[in-house]
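In this note's numbering, the protein residues as written are 6 to 279. C-beta atoms are modelled at their ideal positions from N, C-alpha and C, and glycine is treated no differently. Since this is a predicted model, take the numbers as computed values, not measurements. Worksheet for the structure shown next.
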Amino acid sequence: MSPKDQIRYNHASYTKVKFTMRKPLVAGNWKMNGSLKDVGALAESLKKGLAHQSQVEVAVFPSFIHIPQVEQILTGSPIVWGAQDLYIGQSGAFTGEVSGSMLADLGCTYVLVGHSERRQVFHEDLGLISAKFKAAQNANIRPILCVGETLEERENGKTEEIIKEQLNSVIEASGIEAFKSAVVAYEPVWAIGTGKTASPEQAQEVHAFIRWLFAKQSVDVGNSLRILYGGSVKADNAQGLFAKPDIDGGLVGGASLDAAGFLAIVKAALQKTE
Ligand code: PGA
Numbered sequence: 006m007s008p009k010d011q012i013r014y015n016h017a018s019y020t021k022v023k024f025t026m027r028k029p030l031v032a033g034n035w036k037m038n039g040s041l042k043d044v045g046a047l048a049e050s051l052k053k054g055l056a057h058q059s060q061v062e063v064a065v066f067p068s069f070i071h072i073p074q075v076e077q078i079l080t081g082s083p084i085v086w087g088a089q090d091l092y093i094g095q096s097g098a099f100t101g102e103v104s105g106s107m108l109a110d111l112g113c114t115y116v117l118v119g120h121s122e123r124r125q126v127f128h129e130d131l132g133l134i135s136a137k138f139k140a141a142q143n144a145n146i147r148p149i150l151c152v153g154e155t156l157e158e159r160e161n162g163k164t165e166e167i168i169k170e171q172l173n174s175v176i177e178a179s180g181i182e183a184f185k186s187a188v189v190a191y192e193p194v195w196a197i198g199t200g201k202t203a204s205p206e207q208a209q210e211v212h213a214f215i216r217w218l219f220a221k222q223s224v225d226v227g228n229s230l231r232i233l234y235g236g237s238v239k240a241d242n243a244q245g246l247f248a249k250p251d252i253d254g255g256l257v258g259g260a261s262l263d264a265a266g267f268l269a270i271v272k273a274a275l276q277k278t279e
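This is the structure:
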């Protein structure tokens, strides 16, 4: 980071931002994994392991078809659930798609929007992602907006430019206030499912940049916005990441499929509250 950038991060509004307590959130993105039996067992283990814990918010993201089962198991527990995607239409001729109101019917609190696998494998562009963010909020579901750069973009010094573009298209479409009930997840594409985690310092640098982007427009939003880190978070690296001031928890893929490993990650986030 250049000295000029350092000053930027210490911008007056950002100074206020730094000292706010935000409730950590640990989210498990189960992706396209598991049978009814596996998912049931995983949800039961998490329910047991997290029965008496409320300082860290915990959310799980099963595939669409497993949501009813997860709802049945987790209702009444402190764990909330969400979907990995949604479509922008409310109902009608959209074969294969699922709307926000259908997810709300199944008690979803959150929905992931703009995950890099959606951007890359399914070619979701900035316009569609902005529309999905809006559709989620219209259905009273909190979007977790995922942003992140590829390895090539990082190596070409474009990380901030890319993140800014990904965030600004949503801010322009929905307004800054919309982020009062949303979450942002910084997930460098090169760290997802690769075992290569961003170092706590690398992640903190981008998280501080993201918070600054929001704080510039609204100190309140910058203050309260939870920014999760995602990309090969595991039990043994979570603590170092969560110790950073602008990392408010994690979006966990692979390691969320193992109850013991995921519970250990939640425990690491608990230390943030002590
Ligand atoms: P990973 O996935 O933890 O397996 O890297 C993170 C994500 O895609 O959200």
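Any non-hydrogen atom of ligand 1 closer than 7 Å to I232 Cβ: Taking the sequence shown and counting its residues from 1, the one referred to as residue 232 is at position 227. Flag unset: Cβ of I232 not near ligand 1.
### Message
Can you find the residues in the same chain that come closer than 8 Å, C-beta to C-beta, to E170, ignoring five residues on each side of it along the sequence?
### Response
The sequence position of residue 170 within the sequence shown is 165, counting from 1. The residues are L131.
Excluding the five sequence neighbours on either side, which residues of its own chain have a C-beta within less than 6 Å of the C-beta of G119, listed in chain order?
-> If you number the sequence shown from 1, residue 119 lands on position 114. Only I134, L150 and C151 meet the Cβ criterion.
Should I252 go down as buried or exposed, given a rule of 16 or more other Cβ atoms within 10 Å for buried? Indexing the sequence shown from 1 puts residue 252 at position 247. I252 should be labelled buried.
Ligand 1 and V175: does the residue's C-beta get closer than 7 Å to at least one heavy atom of that ligand? On the sequence shown, residue 175 is found 170 positions in, with the first residue counted as 1. Taking 7 Å as the cut-off, the C-beta of V175 does not count as close to any heavy atom of ligand 1.
Please report the straight-line C-alpha distance between N145 and A109, rounded to a whole angstrom.
Against the sequence shown, residue 145 aligns to sequence position 140. Against the sequence shown, residue 109 aligns to sequence position 104. Rounded to the nearest angstrom, the two C-alpha atoms are 7 Å apart.
Contact belief for P29 with K272 at Cβ below 8 Å, rounded distance in angstroms: Locating residue 29 in the sequence shown gives position 24, where the first residue counts as 1. Locating residue 272 in the sequence shown gives position 267, where the first residue counts as 1. Their Cβ separation, rounded to whole angstroms, is 11 Å, which puts P29 and K272 out of contact at 8 Å.
Notebook entry, point to check: Do three or more CB pairs link the segment 174 to 187 to the segment 233 to 245 at distances below 8 Å?
Noted result: no
*asked:* I need the boundaries of the beta strand (DSSP E) containing E62, first residue and last residue.
replied: As a first step, residue 62 must be located in the sequence shown, where it is residue number 57. From DSSP, the beta strand (DSSP E) with E62 extends over E62 to F66.
Closer than 7 Å: I270 CB and nearest ligand 1 heavy atom: As a first step, residue 270 must be located in the sequence shown, where it is residue number 265. Checking the Cβ of I270 against ligand 1 gives no.
Subject >> Selection from Q222, G259, E206 and G227 that minimises the alpha carbon distance to L246 >> reply: In the sequence shown, counting from the first residue as 1, residue 246 sits at position 241. That would be E206, whose Cα lies nearest to the Cα of L246.
| Counting Cβ pairs, one atom from each stretch, are 3 or more of them under 8 Å apart for the segment 55 to 63 and the segment 71 to 88? | yes
Original post:
Closer than 7 Å: is that where the CB of N38 sits relative to any heavy atom of ligand 1?
Top reply: Counted from its first residue, the sequence shown places residue 38 at position 33. Every heavy atom of ligand 1 is 7 Å or more from the Cβ of N38, so no.
Can you look up G180 in the DSSP assignment and give me helix, strand or coil? Taking the sequence shown and counting its residues from 1, the one referred to as residue 180 is at position 175. Coil.
Looking at I270: is its Cβ nearer than 8 Å to the Cβ of G255? Taking the sequence shown and counting its residues from 1, one reaches residue 270 at position 265. Taking the sequence shown and counting its residues from 1, one reaches residue 255 at position 250. Yes, the Cβ-Cβ distance between I270 and G255 is below 8 Å.
* **Coarse secondary structure for R124, derived from DSSP in three states** => Numbered from 1 along the sequence shown, position 119 holds the residue referred to as residue 124. Here R124 sits in helix by DSSP.
Cβ pair G33, F66 closer than 8 Å: Within the sequence shown, residue 33 is the residue found at index 28, counting from 1. Within the sequence shown, residue 66 is the residue found at index 61, counting from 1. Judged by beta-carbon spacing, F66 lies within the 8 Å limit of G33, meaning their Cβ atoms are closer than that value.
Terminal residues of the continuous beta strand (DSSP E) containing P148?
As a working mapping, residue 148 is identified with position 143 in the sequence shown. That run of the beta strand (DSSP E) goes R147 to V152.
Notebook entry, point to check: Is L256 near ligand 1, with its Cβ less than 7 Å from a heavy atom?
Noted result: Counting from 1 along the sequence shown, the entry for residue 256 is found at position 251. Yes, the Cβ of L256 comes within 7 Å of a heavy atom of ligand 1.
Next on the checklist: Quick check: what's the CA-CA separation for L91 versus G45?
Outcome noted: Your numbering for residue 91 matches position 86 in the sequence shown. Your numbering for residue 45 matches position 40 in the sequence shown. So the two alpha carbons sit approximately 23 Å from each other.
What does V85 pair with, by DSSP beta-bridge criteria? Within the sequence shown, residue 85 is the residue found at index 80, counting from 1. Note: V85 sits in a beta bridge opposite A64.
Exercise. Anyone know if the C-beta pair for G39 and H71 falls short of 8 Å?
Worked result: The residue labelled residue 39 in the question sits at position 34 within the sequence shown. The residue labelled residue 71 in the question sits at position 66 within the sequence shown. Using a Cβ distance threshold of 8 Å, G39 and H71 count as a contacting pair.
Candidates V194, F219, I78 and L262: which alpha carbon is nearest E177's? Within the sequence shown, the letter at position 172 stands for residue 177. The candidate whose alpha carbon is nearest that of E177 is F219.
Look up R231 in the DSSP assignment and give the residues it is bridged to.
For the purposes of this step, residue 231 is taken as residue 226 along the sequence shown, with counting starting at 1. Per DSSP, V188.
- Item | 8 Å Cβ shell around G266 - same chain, five flanking residues per side excluded | Against the sequence shown, residue 266 aligns to sequence position 261. So the list reads K239, A240 and A260, once near-sequence residues are dropped.
Output needed for S223: all residues of its chain with C-beta closer than 6 Å, excluding positions within five of it in sequence on either side, in chain order.
Here residue 223 is taken as the residue at index 218 of the sequence shown, counted from 1. So the qualifying residues of the chain are I181.
- In whole angstroms, what is the alpha-carbon distance linking S121 and V194? As a working mapping, residue 121 is identified with position 116 in the sequence shown. As a working mapping, residue 194 is identified with position 189 in the sequence shown. Roughly 7 Å separates the two Cα atoms.
What are the start and end residues of the alpha helix (DSSP H) that includes L51?
Against the sequence shown, residue 51 aligns to sequence position 46. It spans L41 to G54 - the alpha helix (DSSP H) in which L51 sits, taken as one unbroken run.
_Contact set for L79: own chain, Cβ-Cβ below 7 Å, skip 5 residues either direction_ = The residue you call residue 79 lines up with position 74 of the sequence shown. A48, K52 and W86.
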